[in-house]
Structure formats: C-alpha cells, structure tokens
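Here is the structure we will look at.
Chains as they are written, first to last, in our numbering: chain A, 1 to 369; chain B, 370 to 676.
Here you go:
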C-alpha cells in the first residue's frame, strides 16, 4: 500500500519474487500478543555495543545513513528492504522474532501492530528530537500523541492534471469519476484498494474509513460507473502517462505529481481527501531498544529528515527539516508547501479490522466487473 | 518408452565390456544416484509447498491478516461464490482463446519451418525463441509503448491521416489476449515443429500417389499424425496463460482480472493466505484435470497409430 516512489516502480518483479518467498516461508501463528507495557530502558547504555536491523522501503532513506549513524552514535545498522506494507507485516506478525528492531510502515499498519502488542511504546525521553515535529504530527488518528510510532513522511491524495488537455480547472472527485466527454478514457485511478475507494467515498460524502455496508455498496456502484470512462487503474506510471499525454487527469499522491512540468498541476478536491502517514516503529522483540530509539532520534535530526522531502518529494512532519528545504524546489513542487493545518483536514486512514475483507471484495468486484 | 526398461533390454543383448550384468546392489545404488537428486528436488520444491498450500486451505485469515489455525471449510464456500467463479471462467475463456489463436498461427509457422532446408530450420527456430532472451517485463512494456493512445502506432496512423482519433488498442480484454498470445506462441510452435518434422514424408507422397489433393492429404494424413504435438502445444500455452497476472495488469490496465491476479492479491494485498491457497488449489485441480484429459487423448491417438 504505501505511496512511495522507487518501490512502486519495482512492484511487479517484487511481487513475483515475494510470491515465491511467501510460498516457502510460512509457519506459525501470531499467538504471543504480549502486554503492551513499556520496557525499562537505560538512557546511559553504551550504544557502541549495540546493533540494530532496520526494515524500510527501497530508496526511502539515504544509502549512507547507516554509516553516518554508526560514526556519530556507535550502533551498527543492518538495513533490510520491503516492497510493501503487506510484506513487512507478514514478517512481523509471523510469530517468531523477526530479528527486526525498527520498521517503517504506514500509520494504519503501525496501529494494527500496536493492537497486537507487537511494538514498544516510544520512550520520548530517548528521542529529544521529537521537539522538531509539528504539533499537528501528534494528532494523527491511528496514534494520537505518537505513543508507539513516529511519523516519517506524510501527504495527501488528489488530482494531477494537464492544464492544456483538460481545458478547465478540475476541483472535484467528480471530474475523475464522471469526466467531461473530452476526458473520457483519459483518466486513471489507483488500484490499491484504499485509494481505489477514496475518490468515490469522498464524492459521496462518506468517511475514507467507512465500514457501513450500505455506504460501501454505494461506493461500489459509483466505482463501477466510473470504470466505463477510465483509461486504466495505475499506481505506478500515472505521472508518465500525463507527460506523454496518454492521460489528462489522474488520481495521484501529492509527491508523485510531476509538477516540475509547467503544464502539470495538482489539486486537492473540494470534497476532501486523505492524510496518509508513513511511520517508524520499534518492535517489542528488539534486544537493543536504546539504539533503536537513538536511530529514530537521528532520523528526526533536521539535516537527515530533510533528505526525504528533497529526494522523495514527500513532505516530512518535521518543522525544522522543512525549514531547510531548498526554496527552488518549493517553487517547482508547491505541494511541498502545504501547511500542516491544511493537511490535517485530510482524513487519516485507520486500520479497518475485519472490514478489510469487505474492501478487498469491492476492489475485486470493481476490477472484475 | 520407460527409461528403466531400456538399459535392461540392452544389457541382455550386449553383455558389455565385463561380459556380465551388474550385481543387484550396484544397480540399486546406481538408480538411487541417478534418481535421488530428482526425487529430492521434487519433494523439497514441489511436494512440501503443495502440502503447505493444501493445509492452509483449511484455516482462515486473522483480524490482522495472519493465519488462524482453526479448521473450517469456509474458504471452499467462498470460492463457490459467483464473483470468484466468474473470474475463473473469464480466465478460462481468455486462456482458451489465446490457445486457439496460438494454434491457428503456430501450426502454419511450424509447418513452414519443418519444410525449410535443414540449415535454415535452425535459424528459424532460433528466431522463434529469440524473444525469450529479453526480459518478459521489458517485452510487455514495449507493447504499451507501441499501442497506447499516444504510442508509436496511433501516432503513425493519425499522422498519415488513416484515422482521426487514436484507436483504443490497450487496456481491453483483447489486449490481454494479444499479450498472452505474443508471450506464449513459441511454446506452441516448438512442439508442433517437432511433431511435423518427425512425420515421414513418404506418407504424404503415398497419399498424393493415391490421388489425394494436398488439402485431403493434410486433413487425413498430416493433421491426425501431428495431433499429439497439437495437444502438447495447447497445454503448454493454456496452462501459463491461465495463471498469468502480469499481462492483465499491464496490458489490461487492471480493468480485466484473471485468476492469477486474484491469487496474487490475496497473498500480497489482502494478506489472506488461506483463501489465496484455496484459489490456487482450485486452479491446480482444474489443470490436473486438463492434463489427465490430454494424457488420455494422447494415449488414444498413439493406440490408433499402431492399429
């Protein structure tokens, strides 16, 4: 699920490989949902004796970050990569110790991990750089007050369009769901179920987390209607489609809309949208939780955290880091300038529990319909 | 011909350099040494995973996506749901159409290659398998570049003035069939070629000498004798077409769902391994049935030849 540039491009080969791996590594239930109490950690622990394993999406943090962290703070870092939230969740919930200390997952998945008692509460005293975060970053629905997760990037979903091909300024999800005649078969929507549903949910005035059966039935109907005028479902190449002119209007994550092309603009529809967050969590099974906290603290250093905004083009919830972002980049990518208060109008996706199955079913019905 | 029979029969007529048959134990060791690795490989990489898939079909998804180890038949009632049966039926139709088109295209191709001078046959066969040397994804993306509404073909056609607005060539079930056909056509041509090439030319000559026209010769001699090759080719194309999920996603634009996509999504998106396993098992059962029919038909055909 996660909105993120490099991993998306490799989704298909990664899926092929992951399919093979999944077939071979499958055992054990997730029975050991221990109490969610906090461990006692030693603020003066000798970090140079500790080492941690971090699992992240490919290209989602600087390649040289582990070496720099070791030089500055002591602990050795091993990095493993995952292609999707689902892949890392399978590892973390398999029962046995995954060997992972710090994992990057989207907010609703951090919430699911916390509900199972699999993550360590964040010891704020060990992460002084939390002060760099915007106050709004503590108001995210999946984890108010950042009790067990620390936000890494955040953003929203909207319409990305070619001003020369649309001939008008779209401002509503309806522009995507029932496009004007000249835009029929020139629009794309995302395939991943939460974002597949989002435009219809918002256009109908429902919550992006709705589990009401009648509302979901309406959403499905709307999506089936929209399919008739749709060019394709696309999570990865919609930016290229806009540039080539194959598409004129696409559903896009803010960071993925190629607004460095002067003909391409991004807008958050008037009906509202989401606020997705990718977070960092520390696993309960970690044996080096002091080093894990030090790592998160190091990421929150403005010099390190600003890298994500400048290279992945996603906003980071870190006021001090955003202040360091190059003004020229803010000019070509105005989405980076969205104020946190504005962003917070978006609805934060939360874990759906049992209703997740209903979402999957609707996604299947729509794409098979 | 079974491989265990051949050496024994040979040993009886040709006593070998030492003039005697190997003792029983040596033969056993020899057999273990030759068969062992294969059996070991099949056990580890086929039987064990298959057993895992089988066992998962009885469990169900936990609230957070794990596997709950409580036996139930819930997954099988879910597969019987119209939605999933519909997807399987769509897949069978698309794979079947692909197979039919591959046969119609592949038979003449294989026939012509088999009648080329010997040295040119190798060249032609290399050309048939040449696409396999390039990554499958890259070849599939090449079709997108060629066929999309702003792609090479549409630009050329609108440029010349043949059409006013771009043709809708991609993101349709037709594009999916085209992509599958392109990907798996060589798997049809190769078994057909081998069947046609083995055909004794004297049989065709005899047919002609007895007054049959070329068409009659083809329908009464060539085609029946190459039917085992036709069956093999059809299975080779149908089976991977049915399970493919990359082409429906890329060339179908996600607008056409095949059972491969469904299974992939259950594992990698919905994290419902038990239901994904059940769908996989359904497809395996379907394919085993198909292979049994093919084996039965091939045996009948072989029996007919002897008579």
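All residues carry an ideal CB built from backbone N, CA and C; glycine is no exception. Computed from a predicted structure; not experimentally measured.
- For the stretch 518-537 of chain B, the beta-carbon criterion of a distance under 7 Å to any beta-carbon of chain A is satisfied by 518, 519, 537.
- Exposure of residue 458(B) is indicated by the presence of fewer than 16 other C-beta atoms within 10 angstroms of its C-beta.
- Between the alpha carbons of residue 628(B) and residue 364(A) lies a gap of roughly 11 Å.
- With a cutoff of 8 Å on beta-carbon distance, residue 275(A) and residue 176(A) are scored as not near each other.
- Burial check for residue 246(A): the Cβ neighbour count within 10 Å reaches 16 or more, so the residue is buried.
- For the stretch 534-563 of chain B, the set of residues with a beta-carbon nearer than 7 Å to any beta-carbon of chain A comprises 537, 540, in chain order.
- Contact fails between the stretch 652-670 of chain B and the stretch 486-496 of chain B, because fewer than three Cβ pairs, one in each stretch, are under 8 Å apart.
- Taking CB atoms only, residue 626(B) has a neighbour in chain A less than 8 Å away.
- Taking a cut-off of 8 Å on C-beta distances, the stretch 349-359 of chain A touches the stretch 181-199 of chain A, as three or more cross pairs fall below it.
- Sorting 132(A), 129(A), 143(A) by C-alpha distance to the C-alpha of residue 119(A) places 143(A) at the top.
- The DSSP-derived three-state label of residue 303(A) is helix.
- Taking a C-beta distance under 8 Å as the contact criterion, residue 497(B) and residue 559(B) qualify as a contact pair.
- Spatial neighbours of residue 454(B) in its own chain (CB-CB distance under 8 Å, excluding positions within 5 residues in sequence) are listed in chain order as 448.
- Of all residues in the stretch 70-90 of chain A, only 84, 86, 87, 89, 90 place a beta-carbon less than 8 Å from a beta-carbon of chain B.
- Annotation for residue 425(B): 642, 643, 646 place their beta carbon closer than 6 Å to its own, counting only its chain and skipping 5 residues before and after.
- A distance below 8 Å separates the beta carbons of residue 249(A) and residue 186(A).
- Beyond the five residues adjoining it in sequence on each side, residue 568(B) comes within less than 7 Å, by CB distance, of 591, 594, 595 in the same chain, given in chain order.
- Against chain B, the beta carbon of residue 227(A) has neighbours under 8 Å at 624, listed in chain order.
- Residues of the same chain with a CB within less than 6 Å of the CB of residue 565(B), apart from the 5 flanking positions on each side, are 479, 480, 483, 595 in chain order.
- At least one C-beta of chain B is nearer than 8 Å to the C-beta of residue 364(A).
- Only residues of its own chain outside the window of five on either side were considered, and among them 645, 648, 649 have a CB closer than 7 Å to the CB of residue 632(B), listed in chain order.
- Per the Cβ contact rule, the stretch 529-548 of chain B is in contact with the stretch 505-519 of chain B (3 or more Cβ pairs under 8 Å).
- According to the DSSP assignment, residue 560(B) belongs to the alpha helix (DSSP H) that extends over 542-567.
- Residues are counted here when their Cβ sits less than 9 Å from a Cβ of chain A; for the stretch 605-623 of chain B these are 614, 615, 618, 619, 621, 622, 623, given in chain order.
- Ranked by Cα distance from residue 239(A), the first of 251(A), 307(A), 279(A) is 251(A).
- Take the alpha-carbon of residue 333(A) and the one of residue 229(A): they are about 29 Å apart.
- Residue 637(B) is a Cβ neighbour of residue 84(A), given a cutoff of 8 Å.
- Of all C-beta pairs linking the stretch 48-60 of chain A to the stretch 91-104 of chain A, three or more are shorter than 8 Å, placing the two stretches in contact.
- Under the Cβ criterion of 8 Å, residue 246(A) is counted among the residues facing chain B.
- If you draw a straight line from the Cα of residue 601(B) to the Cα of residue 546(B), it is about 20 Å long.
- The Cβ atoms of residue 197(A) and residue 219(A) lie closer than 8 Å to each other.
- The C-beta distance from residue 152(A) to residue 316(A) rounds to 7 Å, short enough to fall under 8 Å.
- Separation of residue 309(A) and residue 337(A) (C-alpha to C-alpha, rounded to the nearest whole angstrom) is 11 Å.
- Residue 407(B) does not reach chain A, its nearest Cβ partner there being about 19 Å away, counting only Cβ pairs nearer than 9 Å.
- Put simply, of 554(B), 500(B), 621(B), 423(B) the residue whose alpha carbon is nearest the alpha carbon of residue 474(B) is 554(B).
- Taking 8 Å as the threshold, the shortest C-beta distance from residue 671(B) to chain A does not fall below it.
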